[in-house]
Every structure is written in structure tokens, then in C-alpha cells.
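Chains as they are written, first to last, in the working numbering: chain X, 6 to 565; chain A, 207 to 401. Here the structure is laid out as C-alpha cells; the discussion comes afterwards.
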Ligand code: HEM
Ligand code: SF4
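This is how it looks when you write it as C-alpha cells:
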């Protein structure tokens, strides 16, 4: 994993000093609330419903054990003993004190962590495939490029005050595991016919109230030009993106207004001036950064392991966990393990200080001291010896981190919603909780199979509801919490946006609606068909009919 | 439109930061009020910055004053720097306006003027110019920083100079640092600061 050199560390320390002084001037009345606002946002500090909310960046989701311990320490010392892992591999604290944040930043800086640009209209945390470096279907490791681009984006003087927030993601494998098409820039690492490495560049994706999928503007950008080309995109956007209306300010609106071809031409024209200039990435720089991501010291292990197979055969619960929560690894004898933060009864993505400490210990014992965050709000240990899986399972099971539900119904993506967020129309955590309780039975979940259920508390779509097989969106009707349900959204290679099935529902109706959707699926499914496959085959109509069948008469009755 | 306009007020000695030092400066920023035509307004004597529209409408009349450096031109945030491309050799002062400090267009404008168009004269940030953006502004090529007249006391402005150096060895290539960090310095493997 990337280790700071003196330059990285100096820059981060200077940032901490800068913000400390800004906070001081703010508290002394020299920096008004309006002037302070963008500064604190670019240091991760929001003012929310109950308290400030503090968002820490985890670049491309990589966490060293000492960093996890630091987060646990912050949770204990400055918060209420837990943190929230987000869909953008950030970590949020919900209860810090405003004036404590500079000190928290200083603590973070001591382990090479920060809250740089985690909010505000600037380039945000860059995400990448969580299984980078271990996935069998990987073209090449995206992390060196993500790190190089992180450095370019960090305290970039030209692009700190963009029209709106700007999010970049890297994919690098046959399977898209980052939802590339919902990003402002999606960079897909590919090889051309000559075997050279480069990027397929997508631009103009985003969720929010106008969800749009990114469009390809360049089929192959040689890797050397990553910075200069991104700079050209950002410059076109910074100069010509709309600033008159907050809701039309994302790059997706500019790309849509110009059309992807015309936008691409603008970028090419801008890029022509800087292409092959000093921002061209050198072989030496790529090699320097890549060295940080060299594979760990794997032991040579046999591909087969009779003892492990025997354990699987003997222990059904263990076998279930392996089937759901363990992924294949490139290295013989190793596996990648997903720890579930979706145990029924805890808010999706919430993790306690004790759990973070435990994950740190387990990472040290079993996975070369590193953990990774997934955008589905779970945590992975990416390099575990197969022979250690049983012990790891037992340890995580005792801590509530081994629910074998990855990819299943209760593995819900969920934003903080109305319980914490001041922009919310409705609460989302109670919906997730009700669904998890109703469908807690694992046999039932396994029968239903893989399904993505995503919940956002408002149109900002932090919970990715647009791309859930089932999406639930909090809406406001006469100051009451209502929920709109959509189906048919997908993430991954064939990313599509879901379709709303009809009028929205009251909070206590939602679980019943989910139940009907699932019943419909069970009746209509062909063998081996997932929920989403059935929806795609039969369309939304049968689902709608079932859900609204007994509602309409009731409603009519209520009107007379 | 800049609220920093001192038009109509008695000339007062305002302070700005120029090349990292506080200096007194009595350049007036002229702006067009609602309904005022670029062709009609009076351009006061002495050092001034005039809007692009005035410059374009009355270039011949103002040419000598521009050459001497007495008159400069300022661009609003949405105006394309290309409009001045042919005048850069003669202009000695250009202002770029920040209607709000959160409007970042003038950072790109400054970068383009300095790099693509090779502009060498004074580049002045006007409008809502705050110390917390001084570092980014100077890195993008501004050498004159003019906060709004009432924003800082003399003492505060003096203290604000420190913000120019918030980051001393940045990652990026910029006007101030023609090379990105990876070409500017020898970078370590990183192991040495690992705790
Ligand atoms: C609690 C404080 C939060 C606030 C105030 C907030 C605010 C917002 C806003 C205003 C947007 C819409 C931006 C736009 O459409 O231009 C947005 C989008 C988003 N947020 Fe949040 N958010 C919060 C928490 C979260 C959390 C906890 C997550 C992850 C679980 C998250 C992930 C996202 C994502 C993925 C998007 C969609 C990005 C896109 O539109 O492309 N946010 N957020
Ligand atoms: S989706 Fe809405 S309610 Fe949920 S965190 Fe985002 S802004 Fe808040």
C-alpha cells in the first residue's frame, strides 16, 4: 500500500496547520460562517441534523491496520464509539465537536490519513476496484494510477472551486466493481491491440436527482497522458459548466447539453495544448508508485487442500459463509474475504470501535496488515491463506462480522437518511432494519439469491437507489415520510437505472411491498434466474400489478 | 460586477498584496452599471482597470494609456481570455474577477493567460478575494491580490501574507511550479516515514 514520503507528509501537515488556523480565525470571528463553509467542507466537516458530521477519506478504499486502529481511537475519543462506512469508501463520524476537528485531523495525519476534499465542489476521493491486485479478471493494477491521480487532485490550485463536486473512479477488470458509469469521470484500465496499457474514458455519469450514465469520450488513452487528459476535462468543465443552478451544475449536465461528441472535441482541443508536456507521467514515476503496490510475500501453497475441503464438508455454517463471503484469489491457496457490516439490527455500514480494532488485528494476523472498503459498505481482507479461513471465520463470527449475506437481500446499501442527514426527506435506516428483520431467515435469503437492495433518504441518491435491483427512495409528502420503489436497476457492466413502479408508500407498507415483489419473482422465475434477470425478462408490469392489486380498491374505498 | 469599484469615491490609498508584500495602490476598478454603455462612460484619469467591453469599444482611444500601464483591463468570470489574446503584448495589467470566492473560473483563466498565452504583466485578482485562497491564486499566476477594500484591516492583511505559503512544495504543475512534483524533486520510496 502507498506509504508517504517526506513530500506527502509535509503537504498533509501543512494542510492540518492551514485548517487549524482557519478554525481559529472562524472561532475568533475573523472568518464568517459563509467564508468558512467551503473551507470546512473541503476538510470533511459538515454541519448536520444533530451535530457536525466529519467525513474521512480512504483513497481507493485501502486501510492499513494502524489506520483502522486510529479510526477506532477517534470513534472512542471524539465520537460515540462507532463510525459509518460509505459507498464512496469514506468513513463518517456523526457526533464530533466542531472545535475538535483540527485535532482529529492531526491525529489522522500521524497515520497518513486525512479528510481532504471529502466534500465541497472539488475533486473528491478517488475510488478503485476493491479487489485490485488480487482479482483473477484484472487487466492491470489500477492503484498506482489512482494514487498518481490522487496526488494531482490533492490541493490542486485550479480545480478547488468547480461548479459542483467531482468524483472519479477506476475500474481495471472484466467485471465492473465500482459502478464506473455513475462517475463524473470513469477510467477503465484496458489494453489495446498492441498490448499497451491505457484507459477507456467515460465522462458525465452521476446519480442525484437527474441520474445519467457516463458516456465514452475516448476509447483508448495511453496511460502516460492520464493527468494531462483529466486536466483538460476539468478545465473545460471549470470554465464552461453551469454555475447558475446548483442542480444543473454537475459535469453530466454540460456533457448532455453539448452532446458527448462535442464535449469530447472540446476536451481534445484543450488537451492538444498540454499533451506531451510536463504532466506526462514518466516510466520512473509509475515504477516508483507501483513499487508500493507490489504483491505481498505470498507463501507458495498448493491449489488443493484436503483438510480445508473436509472442514467445508463437516461444517455447514462455515461452508455457507465461504460460499457467500469468500472470493477467489489469483494466488493459489489464498482467498479474499468479505466481512459483512450488514448484520440485522445494526445500521448498514456502521462499525464499532471494537470491531475496527478487531479487523485491524485480523488484518495483521491474516492479511498482511491491510483491509479494504467496498462500495457496498462492507470490508474485505484481500489476502488470506485458505488454511486460515476457519479461524478467521470463528473470530469474525464472534464479533458479528460474519453474516453470510454478501450479495443477498439483507446486504443493503443504505445512506444515513433522516436519522442524521439534514437534507433527508425520510429516514432510511428504519427501512433497512425492517427489511433485515423481516427477511432475516438465511435459508429464505439463499433461496431468493443475489439481489441488490439500495435505499436513499432523498433524491441525492447517496444510497445508490437508482442502480439497485430494488431501489427505495425517501420522498416527502405533506411533511410525511413516504417511499418510492423502483426495480430493474443494476450496477456493474450493464449498469442501468431502475424504473419507479408507481405511487409511493408509507413507512409501514414498505416491507409488505418488498414481500410482494419477491413473491412475484419466486412465481415467475426460471431456474437459475436472479431477481434482476426475471425483471429484465418479464418487465416491471407483473410486479406492479401484484404490488398495487389490493391497494387500488382500498384507496378508492377510502375516497368515498 | 465587482463590488470593489471605488468609482465615484475620493481616491483613497487602498492596500493590496503585490508579489508577496503589502503595498498601497490607488488603481480604480471601473465597472458598468445597469444600462450604462461601454461607449459612453467616463474613464477616470489615473490608474484604472476597465471592463473588457469598454476596452473593446474604445481600444484606439485608450491604447496609449494601456501601453503606459496606466490602464488595464479586467475580465468577468465568464469572459473568455482569448478575447485579449492579441493585446497581451501591450497590456501591463489584467484583472480577473471573482464574483464569489467559490466561483473558480478565474483560476483557469489565470492559468491560461500565463501559460497558453504567455502573458507576463501584472495579473490581479479582484472581487471576493480572501486570504484562504491566496495560495491557490498565486500558484495559478496571480501576482497581485486585491481583497475588497473593507475586508481586512492593515494588520490582518499583513498577517494574510502567510497564507501565500500554505503549501510550499505542491504536487501539481502550475504557473508557479512549471514541473509536477515527480519531475521537480527526487521522491523517496516512502518507507522512511512509515511509523
Ligand atoms: C450525511 C451527510 C450527507 C450529505 C449532506 C450528502 C449530500 C449529498 C448531496 C447533496 C448529493 C447530490 C449531489 C448532486 O447530485 O450533485 C450527494 C450524492 C451522493 N452521496 Fe452523499 N451526502 C451525505 C452522506 C453520504 C453517505 C453516507 C454516502 C455513502 C453511503 C454518500 C454517498 C453519495 C453518493 C454515492 C452520491 C451520488 C453521487 C452522484 O450523484 O454521482 N453520501 N450527497
Ligand atoms: S441520500 Fe439524501 S438523505 Fe441520504 S445521505 Fe444523501 S443527502 Fe442525506
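We put the CB at the ideal spot given by N, CA and C, even for glycine. As the structure is a prediction and not an experimental result, all values here were calculated from the model.
- For residue 50(X), not one C-beta of chain A is nearer than 7 Å to its own C-beta.
- In the three-state DSSP reduction, residue 357(A) falls in the coil class, being neither helix nor strand.
- For the pair residue 233(X) and residue 284(X), the Cα-to-Cα distance works out to about 6 Å.
- With 16 or more other CB atoms across the displayed protein chains lying within 10 angstroms of its CB, residue 390(X) is buried.
- For residue 66(X), the three-state secondary structure derived from DSSP is helix.
- In this model, residue 359(X) and residue 434(X) are separated by some 22 Å (Cα to Cα).
- Residues are counted here when their Cβ sits less than 7 Å from a Cβ of chain A; for the stretch 8 to 32 of chain X these are 8, 9, 10, 11, 12, 14, 15, 16, 19, 23 and 27, given in chain order.
- The Cβ-Cβ distance between residue 386(X) and residue 342(X) falls below 7 Å.
- Proximity of the beta carbon of residue 419(X) to the ligand SF4 is not indicated: no heavy atom of the ligand is located closer than 6 Å.
- At least one CB of chain A lies nearer than 7 Å to the CB of residue 162(X).
- Using a Cβ-Cβ cut-off of 8 Å, residue 44(X) is close to 338 of chain A, given in chain order.
- For residue 404(X), the closest of 436(X), 348(X), 379(X) and 374(X) by C-alpha to C-alpha distance is 348(X).
- Between the stretch 285 to 295 of chain X and the stretch 251 to 263 of chain X there are fewer than three C-beta pairs closer than 8 Å, too few to call the two in contact.
- Rounded to the nearest angstrom, the Cβ distance from residue 320(A) to residue 243(X) is 16 Å, too far for a contact under 8 Å.
- Minimum Cα-Cα distance from residue 199(X) among the listed residues 362(X), 392(X), 275(X) and 225(X) corresponds to 225(X).
- Within the model, the alpha-carbon separation for residue 230(X) versus residue 481(X) is close to 46 Å.
- Residue 429(X) has its CB nearer than 6 Å to a heavy atom of the ligand SF4.
- Scanning 151(X), 187(X), 150(X) and 64(X) for the CA closest to the CA of residue 465(X) turns up 187(X).
- The C-alpha of residue 280(X) is placed about 14 Å away from the C-alpha of residue 384(A).
- For the stretch 380 to 397 of chain A, the beta-carbon criterion of a distance under 7 Å to any beta-carbon of chain X is satisfied by 380, 384, 385, 386, 387, 388, 389, 391, 393, 394, 395, 396 and 397.
- Look at residue 284(X): its C-beta is under 7 Å from a C-beta on chain A.
- Looking at the DSSP output, residue 227(X) bridges to 203(X).
- Segment contact: the stretch 295 to 308 of chain A against the stretch 269 to 282 of chain A, three or more CB-CB distances shorter than 8 Å; contact assigned.
- For residue 375(A), the chain X residues whose Cβ falls inside 8 Å of its Cβ are 12, 15 and 16, in order along the chain.
- At least one C-beta of chain A is nearer than 7 Å to the C-beta of residue 244(X).
- The beta-bridge partner set that DSSP reports for residue 419(X) consists of 460(X).
- Neighbours of residue 274(X) across chain A, judged by C-beta separation under 7 Å, do not exist; the nearest C-beta is about 12 Å away.
- Distances from the CB of residue 459(X) to the heavy atoms of the ligand SF4 are all 6 Å or more.
- Look at the stretch 122 to 139 of chain X: the residues with a C-beta under 8 Å from a C-beta of chain A are 126.
- Contact annotation: residue 378(X) and residue 94(X) have beta-carbon atoms nearer than 7 Å.
- When 7 Å is used as the limit between beta carbons, residue 248(X) is near these residues of chain A: 309, in chain order.
- Contact between residue 518(X) and residue 552(X) holds: CB atoms are separated by about 5 Å, below the 8 Å threshold.
- The C-alpha of residue 125(X) lies about 5 Å from the C-alpha of residue 47(X).
- A distance below 6 Å between beta-carbons, with the five flanking residues on each side excluded, links residue 459(X) to the following residues of its chain, in chain order: 418, 468, 469, 470, 473 and 476.
- Interface residue (Cβ-Cβ distance to chain A less than 7 Å): residue 169(X) is not classified as such.
- Listed along the chain, the chain A residues whose CB falls inside 9 Å of the CB of residue 255(X) amount to none; the nearest CB is some 15 Å away.
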